[in-house]
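Numbering (my numbering), first residue to last: 759 to 1605.
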């Protein structure tokens, strides 16, 4: 044992090579076990050639260590010749295996069969190599030994041929690897880039030292370097083979540079502490203490400077991602925008979504695999085969959503609460491993803040939705009171008075129904615990439509029910009503702007499922946002809603065992398919106990037309008609009707428009003295319409008529318009605004 230590380990070069060989054999064992865990059949894969290559390197490194150890001197010259020949043969084994490995990789990724001629030539080269090395003095003639690492090998006439063979194998291996860079899969391309980088490092070191210093100049002092550096190519290639997540080159350079600089700072003072007999023991103890105390501080400071060198910033991107935890505490949406910037992803293409029925495929996967889904990894696992099985479904789903990464977030009960979905990087690169690690850590720490933000958003959505949705019923109630007052003053018949009272009650009922719908949307109660019963779908639809609070009989007549096909579904009646209410409310929202639109409700029965189709001929949904409409808090081209309605519908349908799908053609139609599972025979027998027969659509109280506003009475009350014309713009008929009533009572002429585009056209073709402008409208909103009207006539007053409360909206109203009235307004407020603006207009016109 003492001789082994003296002959080997006291020599630095031998120590380096021996340590390198131990790393190689350890890596080979780890690599082999990794393949076993993945159930890889080595007899049918390209990995066996990599293992053969690594084994050849192991023996090549050990044989080179011999020449830099004490064994070189203690053993005979024949032993040195034998070790030199053994080194040649193990080097050839390693390089030939590497070449075969590259050929098999080419077959695997490019589906290109290796020609038989290649194997024939490799066999011939193997026979030749064995011959010229085993026949004495053809490659190694003798070895002059002076000391460890000080020796000269005298080569035979065939040595150049042998070295040429090795160089050729390395070159052909490199060419094969370079040809793989044409693969389409980004992960495979990254893997190949790592292999090429490792091969170039090895080739450069071998070419310079073995061919330059050794063969041409006869200097053998550096022969230990190529074997030592060969480990880089082996480990880089192996790392590329068994991992699917790579650290970026810049990040590895950043960490390596930081470690080297930090170690250099601590090593430099040692040169001043060294004495003839070494470093004193007490100095070693003190220096070790200082190192332990200051290491963390110094390392963190060095990281700032190396980060400046590598990233042009005192903080690496991963550090900045970690710091986003505090940003999530302040504002999760803003934190997501900054995260998108750091990840080089378009800000509009990264989102944190609450899990939904549409994400069930991903949720099922994450329940068993809590790591992130990356599309390149799925593609790599599919190995270019047809998309089939669970992995194929996941890959197709991600491709359909243009998602590059989906990362789950878990709550305190280890249940998935959100999914982070991001598209591909803008520069086409993959997400690096350090980014994924940082991202996972940040999301874990930010979970509480994200859930808190969701609760705040839910409360805001509830308040905003109730405030907005209640304006119409309140306006209707106010209108009926005004008309009732007029009728009382004109001694109208009792039946007319009672009709107005009944219409007012209907407005109150609609308001209560809206509140119930909104409260249901934000409810966190479990839908699956609601009682279910089997009922005919025709009865359910009739019941829901009859209970829905239509604003007028005219609107109700635009609903067309086609229930020739009846089927049974297991549902909760109340929940089903709210699904129908949501779909009706969403479609009716656009009725004023699309006067020819209608809603068709059709039932379809199939062998394995039954469907209710809600089709409206309104504006349709753009393809770009169709996948987002079931996300919580998402709303498009629609004001006031909570953004929870369709997400709530999806959860309800899931509790029924079914689902909801959206099909739309922008500018033409929108269809929502309520899909119910076909019931078994035993379940269908429950319907026999349903003794309630389907009824026809019950008639709602027919309300008076809002444009019949008793103008003769108004003129008599105001005296002189002022002959001023006001343009009232609002997408809700009841809002227009009430403002029109007040304005006509005040003696003004009124023209109505149901959206901004119509308002601009009316303004261009009619003399308008003042504009009352709603803000949130389809087709063209109030801000754009006001801008165009001001361009046509800067002096015409435009008064905002809205219920907006957001800071941005109020700022725009101040900058674009001349005043603001809240909805529903009063006659007194209108009188004040009109007397101010019309009077001012008169003065400015006459002066």
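Glycine included, every Cβ here is placed at the ideal spot set by N, Cα and C.
Give me the DSSP bridge partner(s) of residue 1096. DSSP lists no partner for residue 1096.
At least three beta-carbon pairs within less than 8 angstroms, the stretch 1177–1191 to the stretch 1005–1014: Contact between the stretch 1177–1191 and the stretch 1005–1014 is present, because at least three Cβ pairs lie under 8 angstroms.
From the DSSP output, which residues share a beta bridge with residue 1291? 1329
Residue 724, buried or exposed, once every other Cβ within 10 Å from all chains shown has been counted against 16: A question about residue 724 goes unanswered here, because the residues of the chain that appear run from 759 up to 1605.
Quick check on this structure: which residue in 1491, 798 and 1542 has the alpha carbon closest to the alpha carbon of residue 1139? It is 798 whose Cα lies nearest to the Cα of residue 1139.
Quick one: what's got a C-beta closer than 7 angstroms to residue 848's C-beta in the same chain, skipping five residues either side? 814, 817, 818 and 821
With DSSP run on the structure shown, which of helix, strand or coil describes residue 1348? coil
Let's see if you can read the secondary structure: which residues bound the alpha helix (DSSP H) around residue 915? That residue, residue 915, is in no alpha helix (DSSP H); it is neither H nor E in DSSP.
Taking 6 angstroms as the limit between beta carbons, can you name the residues of its chain near residue 1319, skipping five residues before and five after? Shown here for residue 1319: same chain residues with a beta carbon closer than 6 angstroms to its own, the five before and five after excluded, namely 1359 in chain order.
Between the alpha carbons of residue 1418 and residue 1173, how many angstroms are there, rounded? When rounded, the distance between both Cα atoms is 24 angstroms.
Can you pull the DSSP bridge partners for residue 1580? 1560
Judging by CA-CA distance, which residue of 945, 1408, 950 and 791 is the nearest neighbour of residue 931? 950
If I follow the unbroken beta strand (DSSP E) through residue 1531, where does it start and stop? 1528–1531
Stretch-stretch touch, CB-based, cutoff 8 angstroms, three pairs: the stretch 1125–1137 with the stretch 934–952: Counting Cβ pairs under 8 angstroms, three or more are found: they touch.
How big is the Cα-Cα spacing for residue 1495 and residue 1237? 8 angstroms
Cα separation between residue 1424 and residue 1350? Cα to Cα, residue 1424 sits roughly 18 angstroms from residue 1350.
Between which two residues does the beta strand (DSSP E) harbouring residue 1424 extend? Run containing residue 1424: none; DSSP gives neither H nor E here.
Assign residue 1509 to one of three DSSP states: helix, strand, or coil. strand
Cβ separation of residue 1062 and residue 1075, assumed to be a contact under 8 angstroms, to the nearest whole Å: The pair is not a contact, with the Cβ atoms about 14 angstroms apart (cut-off 8 angstroms).
With distances taken from CA atoms, which of 875, 827, 1566 and 1576 is nearest residue 1552? 1576
So for residue 1370, helix, strand or coil by DSSP? Secondary structure of residue 1370 (DSSP, three-state): strand.
Please report how far the alpha carbon of residue 729 lies from the alpha carbon of residue 769, in whole angstroms. The requested residue 729 does not occur in the structure, where the chain is confined to residues 759 to 1605.
Supposed close pair residue 907, residue 771 - CB separation, criterion 8 angstroms: 6 angstroms
Buried versus exposed, by CB contacts within 10 Å (16 or more), residue 1259: exposed
Starting from the Cα of residue 1487, find the closest Cα among 1517, 1209, 1500 and 1501 and give me that residue. Here the closest residue by C-alpha is 1517.
Reduced DSSP secondary structure (H/G/I, E/B, other) of residue 1504: coil
Residue 1314: first and last residue of the uninterrupted alpha helix (DSSP H) it sits in: 1311–1314
Rounded straight-line distance, which links the Cα of residue 1548 to that of residue 1232: 31 angstroms
Who are the Cβ neighbours of residue 1313 in its own chain at under 7 angstroms, not counting the five residues just before and after it? 1346 and 1349
In angstroms with no decimal places, state the Cα-to-Cα distance between residue 1298 and residue 1332. 10 angstroms
Drop a sphere of 10 angstroms on the beta-carbon of residue 778, count the other beta-carbons inside from all chains shown, and report buried for 16 or more, exposed for fewer. Burial call: buried.
Between the CA atoms of residue 1585 and residue 1593 - distance to the nearest angstrom: So the alpha carbons of these two residues sit roughly 12 angstroms apart.
Opposite residue 1164 in the DSSP bridges: which residues? 1131 and 1179
Are residue 756 and residue 1431 touching if we call contact CB-CB under 7 angstroms? Outside the modelled stretch of the chain, which goes from 759 to 1605, sits residue 756, for which no answer is possible.
Leaving out the 5 sequence neighbours to the left and right, which residues in its chain are closer than 7 angstroms to residue 892 when beta-carbon positions are compared? none
Can you list, in chain order, the residues of its chain with a C-beta nearer than 6 angstroms to that of residue 842? Leave out the 5 residues immediately preceding and following it. 898 and 911
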